[in-house]
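Report on the structure given below.
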Amino acid sequence: MRRIGPVKRALIVLLFIYLIFVFLPKPDNANGDNPLRIEANERPFLIAHGGGNHEFPDNTLEAFYHAYSIDSNVMMETDVSLTKDGVIILSHDTTLDRKTTLTNALIIETNYSDLVSNEIDFSYHNDVVPNSNGFNVSGILKPYKNYMGESVTPLDITYPMGVAPRHNQKFLVTSLEDLIKAFPNNYLNVEIKQYDEVGLEALDKVLELMALLDEEYKTFDRIVLASFHEEIFQKMLQYKKTDYPELKVSPETNSVIKFYALQLTGLSFFYRDQVHVLQLPTVQYGLSLSTKRLIRNAHKNNIAVHYWTIDDPDEMRRLIENGADGIMTNRPSVLKEVLDEMYP
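As structure tokens, this is what we get:
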């Protein structure tokens, strides 16, 4: 029997790969419109990280009103955790020690009703010890100041017509429901901070809330869910297949690594995770994640690419020129200036 030469063998392998690519079903995110992507030469999303935590206390309704006053089309990034009495609140940490006067305060052990009735102020920036669960073990309180070293109050914000400050001095607790209802037309990025069983319970509560409000507030159209925790991300994908096919998801680290490796070898079409947007740092493990090639390959899979957390104007410009669909920033006023300059 005649042997197959190396050239023919290579052609057969390439044909086999091509046939797999043609007949392999595409994930749902590869079909139809992806609202988190932009068209060529279209203005990227201004994404306010925690509402813009260098300008106002993060993850407060007031910070998001400030971001909205800068750009009414702002995409709002927030972090959420589940309280003891079953309410999803906005908080970057799973404890309250860094942002409030409370100490040794795990959110899952704290009642939302108590935060409301006691008018707990979320306008602190205390030091915490990471290996003590993020607790403020010193008990020293540091009131929030913005990046210019200035103190701020809720009265310093330009609110939409008909909206009044909740409090003259304090930045009160904000629930996810508050955020959804306050901004019915804006895209929201919601990262679930808790993990393991508590995180899974938080995910269920978030989805329950989204389902409850969807008819009036179009939550599944506007919200993308994210988590850095593998078990939470996998549960999101499971729910997308079974209960919530319209769910928009951003991947955790292992999934991002998988996409990076595949696109690096020209095989990004084998990436099957049903995600709508990659939310990336510019560099991870010494590898650049902000190349034109990576963005181009993501777009081939109909996946948007958003970068965090970018506060330098020159870096903002570079990422936009490379094709980024969105920029997440602590300083929305700075990014607004860059976008207005590039898209007059």
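Each residue of the sequence shown is one higher than the one before, counting from -1 in the working numbering. Where a beta carbon is used, it is the ideal one built from N, C-alpha and C, also for glycine. Computed from a predicted model, the values in this text were never measured in an experiment.
- Under the 8 Å Cβ criterion, the segment 142 to 150 counts as touching the segment 45 to 60, having at least three qualifying pairs.
- Judged by DSSP secondary structure, Glu189 falls within the beta strand (DSSP E) whose first and last residues are Leu186 to Ile190.
- Per the coordinates, the alpha-carbon of Val135 lies some 15 Å from the alpha-carbon of Thr92.
- Taking Lys82 as reference, the option from Asp95, Ala65, Leu113 and Leu245 with the minimal CA-CA separation is Leu113.
- Going by beta carbons, Asn184 and Asn71 fall inside the 9 Å limit.
- According to DSSP, residue pairing for Gln277 in a beta bridge involves His304.
- DSSP lists no bridge partner for Val114.
- In the three-state reduction of the DSSP assignment, Val171 falls in the coil class, being assigned neither a helical nor a strand state.
- Counting only runs of 3+ residues, the beta strand (DSSP E) found wholly inside the segment 20 to 92 occupies 43 to 47, 73 to 80 and 86 to 88, in chain order.
- Put simply, of Asp125, Asn131 and Ser115 the residue whose alpha carbon is nearest the alpha carbon of Ile138 is Asp125.
- Gly324 is bridged by DSSP to Phe43 and His304.
- Two segments are said to touch when three or more pairs of C-beta atoms, one from each, lie closer than 8 Å; by this definition the segment 204 to 221 touches the segment 233 to 252.
- Residue range Ile221 to Ala224 is occupied by the beta strand (DSSP E) that includes Leu223, with no alpha helix (DSSP H) assigned at that position.
- Val150 and His64 have their C-alpha atoms roughly 12 Å apart.
- Close CB contacts of Leu94 within its chain, under the 7 Å cut and outside five residues either way in sequence, are with Leu100, Ala103, Ile105 and Thr108 (chain order).
- Apart from the 5 residues on each side of it in sequence, Met73 sits with its Cβ closer than 6 Å to the Cβ of Phe43, Ile45 and Tyr185 in its chain, given in chain order.
- Around the beta carbon of Phe257, a 10 Å sphere encloses 16 or more other beta carbons of the protein chains shown; the residue is thus reported as buried.
- Lys143 sits in coil when the DSSP states are folded into three classes, being neither helix nor strand.
- Taking all protein chains in view, the Cβ of Ala259 is surrounded by fewer than 16 other Cβ atoms within 10 Å, so the residue is classified as exposed.
- If you check the CB distance, Arg41 and Leu337 come in under 9 Å.
- With contacts defined as CB atoms closer than 9 Å, Ile68 and Val171 fail to qualify as a contacting pair.
- For Ala103, no alpha helix (DSSP H) segment is defined, and its DSSP state is neither H nor E.
- Contact annotation: Tyr305 and Thr280 have beta-carbon atoms nearer than 9 Å.
- The DSSP-derived three-state label of Leu285 is strand.
- Rounded to the nearest whole angstrom, the C-alpha separation of Leu153 and Gly324 is 29 Å.
- By DSSP's assignment, Phe133 forms a beta bridge with Val127.
- As a beta-bridge residue in DSSP terms, Tyr122 pairs with Pro141.
- In the DSSP assignment, Val204 forms no beta bridge with any residue.
- Taking 8 Å as the upper bound for CB-CB distance, Leu211 and Ile178 are in contact here, some 6 Å apart.
- Annotation: Gly49 to Thr327 spans about 9 Å, alpha carbon to alpha carbon.
- By DSSP's assignment, Val254 forms no beta bridge with any residue.
- About 6 Å separates the beta carbon of Ile293 from that of Asn320, a gap short enough to meet the 8 Å contact definition.
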